[in-house]
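Take our numbering: the final residue in the sequence shown is number 683, and no numbers are missing along the way. Here is the structure we will look at, set down as structure tokens.
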Amino acid sequence: MPKKKTGARKKAESRKEREKQIRANRDHVDVAKHPCNANMECDKCQRKQKNRAFCYFCNSVQKLPVCAQCGKTKCMKSSDCVIKHPGIHSTGMAMVGAVCDFCEAWVCHGRKCLSTHACACPLTDADCIECDRSVWDHGGRIFRCSFCQNFLCEDDQFEHQASCQVLQAETFKCVSCNRLGQHSCLRCKAHTVTTHAKSKVFKQEKAASYLCPKCGHETQWRLKTSACPVSLTQHFDAEIYARLALEDDDDYYEEHRKGVQFQSTCNLCRESHKTQVWLCFLVLSFLSIPTCAASGNDIQPLKRCFEKLKHTIQKSDAMLYSPSIDDIPENCTTMALKCYMLEFQMVLDEEEVHDAKATCIFAYNKRRHPDTVGCLPCEKYSLKNITIFLDRLNTLFEKINAQGKM
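So, in structure tokens, the structure goes:
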């Protein structure tokens with residue numbers, strides 16, 4: 278017969294077990310229950326927020342600061358204080374020793390709290406995974422996702438966890454009685470029988486759908502959703518999947534069929550090396566087609582826009598970069614036109630011309646033009662007045678138009 282354990286032996290073993298559990302859970306701190314993340318209501322603005330040294334909304338100091346490490350609001354006379362106060366229980370700012378840079382909360386003047394909190398603060402890198410805000414950027418508390426263990430702010434915690442949750446088993450059993458449920462909630466991925474789906478408070482019509490007793494969302498009949506993977510889908514994905522599965526529109530099936538055919542064609546192209554080679558030759562042949570013939574036709578809308586707008590800037594006294602036709606090589610015509618259009622836009626801005634006809638000028642300058650090698654930049658050309666600028670631009674239009682007709 279083994280010896281019977283005494284009371285002291287049982288207490289010692291339970292204490293060792295608790296200490297072992299504490300050491301094991303040291304890396305997994307429950308952020309929601311930590312003092313640095315506790316709820317706090319401001320004394321002045323009465324707004325709830327995370328435990329802070331200063332109110333996030335009105336920047337006021339609280340009457341009773343809470344220590345971010347031990348959570349106390351009163352320092353006893355026999356504590357390990359850095360500042361001794363024999364026979365006095367210190368509260369308020371007399372208890373404060375420092376402010377944590379990570380959690381923005383007060384730390385009491387206890388030696389242990391001051392020496393350990395900065396290294397062990399659970400909010401050291403507590404940036405929200407959804408909005409990338411740190412503790413200093415919002416007033417709410419910090420939480421961890423139950424599934425991915427990432428930090429979440431108070432605004433995004435429910436939405437993120439609903440989209441992050443993935444159940445591991447497919448079951449249609451009722452959450453209340455473990456019987457096979459007839460009604461499926463596609464929001465919380467739960468099933469209920471008719472008895473437990475009926476509301477005991479509100480009277481429901483027989484033809485109406487029952488509401489989920491857990492979240493209040495409208496449920497679906499299980500025979501309609503039995504083909505849907507309810508438990509392995511994320512937030513609202515099962516609802517969308519069910520809607521597409523029950524879609525009776527012929528256009529949807531036609532588009533879906535065309536999409537499948539296009540995807541199969543792309544897969545065939547990827548699998549065949551010979552097809553890939555011929556596609557490369559086809560693309561290169563399109564790229565090698567000369568575009569100079571089309572440039573004359575493309576310049577006509579820009580020229581008409583210039584004719585309608587040149588009277589608005591004729592009184593301008595600005596000096597503009599104006600490339601001469603004799604100074605422009607054959608391969609730099611596009612570059613010279615780009616310089617003219619940039620100067621033209623600058624004059625329109627200076628003269629405050631807010632005309633809808635000027636849209637074509639701005640649209641041309643926003644387009645990406647190929648940079649020709651060996652062409653001079655706009656600043657290398659001479660500065661001329663507005664009259665010479667308009668004459669030379671008109672001559673350039675005629676030259677480009679003549680090149681397009683050749």
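Where is the CB? At the ideal position from N, CA and C, for every residue including glycine. Quick caveat: nothing in here was measured; it's all calculated off a predicted structure.
- The Cβ atoms of C408 and F424 lie no closer than 8 Å to each other.
- In the DSSP assignment, V373 forms a beta bridge with C385.
- A straight-line Cα-Cα distance of about 16 Å links Y617 and H588.
- Of the other Cβ atoms in all chains shown, fewer than 16 fall within 10 Å of the Cβ of I360; this residue is therefore exposed.
- Put simply, of P606, D404 and Y598 the residue whose alpha carbon is nearest the alpha carbon of C655 is Y598.
- The Cβ atoms of N662 and M596 lie closer than 8 Å to each other.
- Around the beta carbon of L614, 16 or more other beta carbons lie within 10 angstroms, which makes this residue buried.
- Using a C-beta cut-off of 8 Å, the segment 449-458 makes no contact with the segment 362-375, since fewer than three inter-stretch Cβ pairs fall below that distance.
- Closest option to L400, judged by alpha-carbon separation, among K310, C332 and D668: K310.
- Taking D402 as reference, the option from F583, C582, R388 and R421 with the minimal CA-CA separation is R421.
- S423 sits in coil when the DSSP states are folded into three classes, being neither helix nor strand.
- For L673, the closest of K351, E607, Q622 and E436 by C-alpha to C-alpha distance is E607.
- When C-alpha distances from E620 are compared across K288, F639, V343 and R644, the shortest belongs to F639.
- C405 is the residue among D414, E381, C405 and S411 whose C-alpha sits nearest the C-alpha of F428.
- For A439 and V308, the gap between their C-alpha atoms comes out near 19 Å.
- Secondary structure at Q497: strand, using DSSP grouped into helix, strand and coil.
- DSSP places N316 inside the beta strand (DSSP E), whose first and last residues are N316 to E318.
- Under the DSSP assignment, H473 falls in the alpha helix (DSSP H) whose first and last residues are T471 to A474.
- Apart from sequence neighbours up to five positions away, the residues of its chain that approach Y658 with a beta-carbon distance below 6 Å are Y598 and P600, ordered along the chain.
- Among the bridge pairs identified by DSSP, L586 is matched with none.
- Close CB contacts of V338 within its chain, under the 7 Å cut and outside five residues either way in sequence, are with F331 (chain order).
- Counted as a single uninterrupted DSSP element, the stretch harbouring Q326 is not any alpha helix (DSSP H) but the beta strand (DSSP E) occupying residues K325 to K327.
- Judged by DSSP in its simplified three-state form, L597 adopts strand.
- Judged by DSSP secondary structure, F621 falls within the alpha helix (DSSP H) whose first and last residues are T610 to E627.
- The secondary-structure analysis by DSSP pairs A467 across a beta bridge with C462.
- K340 carries a coil assignment under DSSP once its states are collapsed to helix, strand and coil.
- Apart from the 5 residues on each side of it in sequence, T471 sits with its Cβ closer than 8 Å to the Cβ of Q459, H460 and Y487 in its chain, given in chain order.
- Rounded to whole angstroms, the gap between the alpha carbons of A395 and C465 is 40 Å.
- Bounds of any alpha helix (DSSP H) do not take in C492, whose DSSP letter is neither H nor E.
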